[in-house]
Amino acid sequence: DYVERCHCKEPATGPCKACGRARCALHLEDALCNRCTQWVGRELDKRASSRFITASASGVVVALGAIG
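Residue numbers for the sequence shown, in our numbering: 359 to 426.
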């Protein structure tokens, strides 16, 4: 019988929702494999702070312009 396996050679319990790779229960975290979870975390870290700061600064400038 063919059993789909995780990269650690354990039987897979399901696929990663992002990349579709077969992963065991240990390597699936919130339905994402470790690789995808780390990638999503890095992307959010890159995007969240710079966009928030830019939007906040723009809002302050617009508010000060409207007042003055």
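Every residue, glycine too, gets a C-beta built ideally from N, C-alpha and C.
Can you check DSSP and say which residues form a bridge with residue i?
| i | result |
| --- | --- |
| residue 380 | 373 |
| residue 430 | Residue 430 lies beyond the range of the chain shown here (359 to 426); nothing can be said about it. |
Sorry if obvious, but does the Cβ on residue i come closer than 6 angstroms to a heavy atom of the ligand MN?
| i | result |
| --- | --- |
| residue 373 | In the structure shown, the ligand MN is absent, as is every other ligand, since no ligand is present at all. |
For residue i, name the three-state secondary structure that DSSP assigns.
| i | result |
| --- | --- |
| residue 387 | strand |
| residue 426 | coil |
Just to confirm before moving on: does the CB-CB distance between residue i and residue j stay below 7 angstroms?
| i | j | result |
| --- | --- | --- |
| residue 479 | residue 376 | Beyond the ends of the chain as shown, which are 359 and 426, falls residue 479; an answer cannot be given. |
Contact between the region 360-370 and the region 378-397 is defined here as three or more beta-carbon pairs at a separation below 8 angstroms; is this criterion met? yes
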